[in-house]
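See structure below.
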Amino acid sequence: MMAPRWTQSSSGRLFSGQSPSRSLLRSHVYSSAPFSASAESRSYEDTLPHLKIGSRTRVLFQGFTGKQATANVKESLAWGTKIVGGVKPGVEGEHLGLPIFPSVRVAQEKAKPDASAVYVPGSQTAKAIEEALEADIPLIVAVAEHVPIHDMLRIHSMLKTQSKSRLVGPNCPGIISAIGKCRIGFQPLQCFAPGNVGIVAKSGTLGYETVASTTRAGLGQSLCIGMGGDVLAGTDFVDALKVFEHDNDTHGIIIVGEIGGEAEMEAAEWIKGYRGRTSEAKPIMALIGGIEAPPGRVMGHAGAWTASGEPDARTKIQALQSAGVAMVDHPEKFGEGMKALLAGAGRRSKSTQSGPFVQRASYHTHTRRPQISLPSQSARSPQKRTLYIKSSDAFRLLEAQNISIAESKGPANFTLAIAIDRKTCGPCITVCNGTDGNTLKFPFNYHARNFDIASVRNTLGFVEYHPMATGSLEKLLHGLMNVFVTKEAFLLEVKAGITPDTKDIQILEARFGFDDAAYRSSGRQGDIHALRNKADEVPAEVEAEKNGIVYITLPGEGRIGTLVNGAGLAMNTVDALTLHGGSCANFLDTGGKATAETVKSSFQVILSDPRVKSIFVNIFGGLTKCDMIAEGVMMAFRDLGMKVPVVVRLRGTNEQLGQKMIAESGLPLHAFDSFEQAAKKDVVGGEWIETQLNLEDYSGIETLPAFHAQHGSSSPRAEAQLLLIPIEEPVASAGPCFSQIHPGPSKALFVWLLIYTNIYTFLRMHSTYLLFFPAQSQTASRGAYSYTYPPPPPPTYKQRSLFRRILGFSAIAIGSFLVGAMTSPELVDMGRDIASMRQLSKTRLLYIPPDEISKEINDYIDTHPLSVSLRGDARYTESRPHLEQPPRMRAHSLTGGTLAGPERIVVPPFTWSTTDGSSFVSIFYLGSDVCGHPGIVHGGLLATLLDEGLARTCFPVLPNKIGVTANLNIDYRAPAPAGEFFVLRAKVTKVDGRKAWVEGWIEGLPKDGTDPVKYVEAKALFIEPKTAGLFSKGQKDTSAKTSPSIPR
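Structure, rendered in structure tokens:
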């Protein structure tokens, strides 16, 4: 995870400067011959009509006899799909009453298929597609995931040179015609009904949700295309839109997109043109998943990550809105929304009758998303797939290509990279010359690999400024290309400088990312993936990966844990819950084929996060059956001893059975089939408040004495049990008047104000004790309760003599006078401040970021893998020491007050320490206003931070936990850049009575594939004053809970 930079001006887009790229692409004459065997070669665009499948489409299966293909063929045949047989290499025979062909070529000659369903593993998918291309199969549908990206680069270089075959996928549910009863894929058939809505979706589960919503609304579907979630898709949104435009069966169009790439932006541009040239444009609706996705993370789908310069989800939403597309926040709103748009456009919708979806009441409501300005994220981390190697490992790969590595770092003359261009579905070279900051992109053909070195050289200005370095540039490009191809990389980026004497190019920094699918599915590149260091990753994410679960920790309060099947649906679940006012702790995708054991393992991972206060389960049963999910939920309750509230939303296959199982389980579960209802239950009903009375059995008590009698106590101050009670109704009282109680903190504030009012009323009246309790849902109509308690009996003690009363009164008066004379208001205030100091263990959650930048910085540190690993280590105690001090005292602290704030020490540092002084770690961010020189952090501040950190390290090992700096030696190693994250590490090296020796250093926060730079080192001696015992007297019992303040 690369650390983001916060600057006042927006950075240029990585892949800007499209004009040179496009002209270069047009000027390419590929040396490779056209791949297709067809005589006429036009373009891949001419294959679009093959997407219009129907009742006459003849379908062939590759991988015919496999378990999944066999089950799929049985269902599709029963539904009405015209299947002509299948292929098993080298084998002839019969399967399911259909012929087995030894090759696709033989199948083409004998059965004349119009389409082929590729049902082979990811490692064999490219070979199967290639065989179908050689046979000129019109439509090829690849459903497998984990297809190596270089395999698909090779396939796309073939697709561009032919005009007979169209590819859908890979990593997609396929394509289906509900009108023609033709399914080429694994879509859940019970969701579909013949109708007039065309749907194109990246996500499978979000697509199924969309289909079910239009079916429930009585609209049905005409044609549904699964674009798929991979980086390189054979068919994209614009391709599907062109088909829908001219399809008479399609009256309305729905787009389901997500983060990653620019396909949604291209669709928005196409829609603008379509509406401009057509007076009766078909209504279009859309949804974009991944609004709350952490920058740079791969959200389940191989292509669901945002590269530098690519638009985020908010930008895509704005583009589609400006094109006139109606946006929704959840797919269950598509049905009623599209029905309203079709009615407004005067188009007739076909009435459908299909199974349980139209037999039950509809929960869907559609609200057109307002044209609001969605704030873009202020910074973005670079993309992160699975493996970024360290700089040292990247340098070794470059040295193997005879590329020079700089011995010492200096200023970079340019940045050069070989990456994946999603738009052209091929590789590209990106170049930034370092002078104007513009980055240009030069696509090239993967098969020919004839990239234009001259254009790259001219962009860098080598002809004018560095003519002698041209040879080194060619050597660098060829070396990078060799690594890119042979090691199956998806990003090779280097920052380079030019030596003034030899004019040789030397590499200063390298960031290399490699494709995980090549290793996962094919076992290739084992040497590269052996460099992965799981110790640097989030432990919970690594543990989830072992069970086939994609789990990503999200920053923030994180009260709601999410458990979802399908990456797109998981992203949208987080987005929608956040829109409802919730704060999600995680993204979790169980996978499209989740089992009961997978669900149980998912609960284990979610509960490992202490922030989680409730869990939201959102399942759409396509391949996954809802009853199996219900079984997994109940298993988790039985085996894990779960105590947090769980809301379960089940839709799809066996949804009624799953809901019934949960309803009859007797467990504290809430089952819904409507997302809106489930979200409101979890977000609104899940705002729990701790009270000191269990009202479950006592709502009918009329008097307080009766209450005490039932509890076995006669005192009105009797302690009661703690219970989590949701407040669902406003509470009125004879004291403060609250006409409405809002969710969240206002409820807790109301309860405490109510308690305070009752205590105050009791003290004033001495005769009436008022109690108000928010009623539970089953007794909410009863409102609040009030009880009358009789006056206390008169005192029974013996009256003292007049002399003793006068003597006691005089002593109290004199003592009060002396205390008042000796105590100033300032000391009183200081005493109050000291009394209010928080325990260090409770300071982590006290900080509330004042702005978006502070929040992003705070969340970045909070969820960084280093923070997560330290938090999970039982040896460390986490704290934020500057928050221990009250604001009045904090103002007198240099690092906690004077230098804290925007562009300084932006957020209070996070710290982790051991009680024996063996280790201390602090993570912080330093802005641009703490510089000695422009862009360089002031050395005095670094020394101060080290002094403070070393002191905190040694205090626990000193006898009275107090010490002063006796000696501090600083060794500056490198300039520390402003606007960066830093890590302070320290340890005690020696303890001798009242003396402690400590050493430490400040380094950069670890980034993907790079070793942290060490900026400054220090050694110090701390001595405890001889009078330290006076300061700690009376605090021995609490010394383990609090940490002494550092002397200033």
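Its first residue numbered 1, the sequence shown is counted upward by one per residue in our numbering. Note that CB positions come from ideal geometry on N, CA and C, so glycine has one too.
Can you tell which of A201, P170, V200 and S222 has the C-alpha that lies nearest to the C-alpha of F192? S222
Given a cut-off of 9 Å on the beta-carbon distance, is the pair L206 and M338 in contact? no
When we look at the beta-carbon of P375 and count the other beta-carbons within 10 Å, is it buried (16 or more) or exposed? Confidence in P375 is poor, its pLDDT being 35 and thus under 50, which makes the residue's placement unreliable; the coordinate value appears in the next sentence. Exposed, because fewer than 16 other Cβ atoms sit within 10 Å of the Cβ of P375.
Spell out a yes or no on whether the stretch 321-330 and the stretch 284-303 are touching, meaning 3 or more CB-CB pairs, one atom from each, closer than 8 Å. yes
Any 3 or more C-beta pairs closer than 8 Å across the stretch 596-613 and the stretch 543-553: yes
Going straight from the alpha carbon of R880 to that of T911, what length do you get? 6 Å
With a cut-off of 8 Å on the beta carbons, I'd call A406 and G497 a contact; round off their distance for me. 6 Å
Indicate whether the contact test is met: 3 or more Cβ pairs, each with one atom in the stretch 633-653 and one in the stretch 233-240, closer than 8 Å. no
Which of helix, strand or coil does DSSP assign to A720? Legend: pLDDT at A720 = 27, less than 50; position of this residue unreliable, no value from coordinates given.
Please report the straight-line C-alpha distance between Y1015 and L926, rounded to a whole angstrom. 13 Å
Continuous alpha helix (DSSP H) stretch holding T459: start and end: I453 to L460
Where DSSP assigns a beta bridge to N969, which residues make up the other side? K1019
Starting from L866, trace the alpha helix (DSSP H) both ways and give me its first and last residue. P865 to R871
Do three or more CB pairs link the stretch 99-113 to the stretch 55-66 at distances below 8 Å? yes
Closer than 8 Å is the cut-off here; do at least three beta carbon pairs connect the stretch 912-921 with the stretch 861-877? yes
Three CB pairs or more closer than 8 Å across the stretch 522-538 and the stretch 554-573: no
Does DSSP classify K409 as helix, strand or coil? coil
Distance, E266 Cα to G324 Cα: 14 Å
The beta strand (DSSP E) enclosing P194, as first and last residue numbers: P194 to A201
Return the residue from the list S919, P645 and F924 that minimises the CA-CA distance to G896. F924
Please confirm whether H150 has its beta-carbon closer than 9 Å to some beta-carbon of chain C. Absent here is chain C; the protein component of the structure consists of one chain.
Based on the DSSP output, what are the partners of T877 in its beta bridges? S913
Please check the pair V907 and Y847, which I expect to be a contact at CB under 8 Å, by giving their CB distance rounded to whole angstroms. 7 Å
Can F414 and C428 be called in contact, C-beta distance under 9 Å? no
Nearest CA to the CA of A201: which residue from G228, G185, Q190 and R216? G228
Given 8 Å, three or more beta-carbon pairs between the stretch 492-507 and the stretch 441-456: no
So what's E884 in DSSP terms, helix, strand or just coil? coil
Would the beta-carbon of W997 fall within 9 Å of that of V988? yes
Straight-line gap, S1075 to P934 (C-alpha atoms, nearest Å): Nothing can be reported for residue 1075: it is not among the residues displayed for the chain, which extend from 1 to 1048.
Quick one: grab the DSSP three-state call for G1029. helix
Cross-strand partners of N450 (DSSP beta bridge): Looking at the DSSP assignment, N450 forms no beta bridge with any residue, so it has no partner.
Cut-off 7 Å between Cβ atoms - residues of its own chain near K181, not counting five sequence neighbours on either side: S55, W79, G80 and T81
Can you have a look at S351 and say buried or exposed, based on whether 16 or more other CB atoms are within 10 angstroms of its CB? Here S351 scores only 41 on pLDDT, less than 50, and its place in the model should not be relied on; the value that follows carries that caveat. Exposed, since its Cβ has fewer than 16 Cβ neighbours within 10 Å.
Is it buried or exposed, P170, if we count other Cβ atoms within 10 angstroms and call 16 or more buried? buried
Mark H892 as exposed unless 16 or more other C-beta atoms lie within 10 angstroms of its C-beta, in which case mark it buried. exposed
Per DSSP, the bridge partner or partners of A1117: It is not possible to answer for residue 1117, since the shown part of the chain is limited to 1 through 1048.
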